Each structure stands twice: as structure tokens, then as C-alpha cells.
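Visitor: Starting off with a structure, shown below.
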Ligand code: IDP
Ligand code: MG
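Numbering (the working numbering), first residue to last: 212 to 359.
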């Protein structure tokens, strides 16, 4: 089944939004397959955001990601990459709809509390980067109440 990499950024941790964010993915019906609390260094953050290295905000983005602990997760489910992005909302909170995580809890693009993979392929790459030890295998007992 499809998987995505989700990170609660340092502001989401500091602002006490961990339970809220995890709850939204949980209640939707996605399965949590990996979960860690960690602090990364600049080289690691630069690797995660390598595609954005030419952007003018890149150094500020790296400063932001290394500024405190993050919660990193692997979520699984049908369509979880694109539905996960919908739960998260548009990158710029000025454009993210109410009801989305960024729409409900954030103001500034550089403090948008959460990351989600933008494709199945980048989800796989991000999982390999953040969870080299692998993730857990389990299937919640409610499976047949979520999937027909
Ligand atoms: P995404 O997180 O919605 O996938 P990306 O374009 O991949 O958005 O950008 C990664 C992150 O870089 C954003 O979530 C945001 O934290 C930061 N970012 C993007 N654009 C800007 C900007 O114009 N100024 C400051 N930070 C930005
Ligand atoms: Mg992105």
C-alpha cells in the first residue's frame, strides 16, 4: 500500500500541535507505520531539501528545520500522498483553506508546521533518508471497517 513521509517541523512541536496533527491522519483512517522524535544537523536538513538548494529561502529553511526537534512519520493508506497533501493544505498559509492543518494553524510560509511528500517517488526517497532502519509492519484490526 502507498506510503508517505510526514514531518512535524520544529514550530509544530514547540506549539504543541503534535497530537492534533497525528490525530487528523489517524482519524482519516491512515495507518502509522513509523514514528520518531529527532533533531537533525544542517547536512541532513540540506539533504532532505536538496531540490530547493537554489532557492533564496534555502538557508532560512535549513535554519528552521534544525532549530529544534521534529517528529517524523511514515503514514500508509490508499492515496495517502495526495490526500496527505490535502490534509496539510497549500504551502503558503495565506492560500491554505480553513480545515487544513496549515489553514487552521499557521500564518507565515516559513513557519508552516508540517512537511508531506509531494509524490510516491519522493515519499520513498524520504522514507529511505529518515528511516534507514526500516519501519514497523502491522495492520490495525479495524482494517475491514475502513476498506471495502
Ligand atoms: P511544501 O512543503 O508544501 O511541499 P515546498 O515548495 O516543497 O513546499 O517548500 C518546502 C518548504 O520550504 C515549505 O514548506 C516552507 O517551509 C519553505 N518555503 C517554501 N517557499 C518559501 C518562501 O517563499 N519563503 C520561505 N520559506 C519557504
Ligand atoms: Mg515540498
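Every residue, glycine too, gets a C-beta built ideally from N, C-alpha and C.
Source: prediction; values computed, not measured.
Does any heavy atom of ligand 1 sit closer than 6 Å to the C-beta of residue 222?
Guide: Result no, Cβ not under 6 Å from ligand 1.
Visitor: Thinking just about the alpha-carbon of each residue, which of 221, 226 and 238 is nearest to the one in residue 298?
Guide: 238
Visitor: With a threshold of 6 Å, establish whether the CB of residue 332 neighbours any heavy atom of ligand 2.
Guide: no
Visitor: For residue 380, write down the residues that DSSP places opposite it in a beta bridge.
Guide: Here the chain comprises residues numbered 212 to 359, so residue 380 is not present and cannot be evaluated.
Visitor: According to DSSP, is residue 276 helix, strand or coil?
Guide: helix
Visitor: In three-state terms, what does DSSP make of residue 345?
Guide: coil
Visitor: Between the Cα of residue 222 and those of 281, 231, 259 and 215, spot the shortest distance and give me the residue it belongs to.
Guide: 281
Visitor: What three-state label does DSSP hand residue 229 in the structure shown?
Guide: helix
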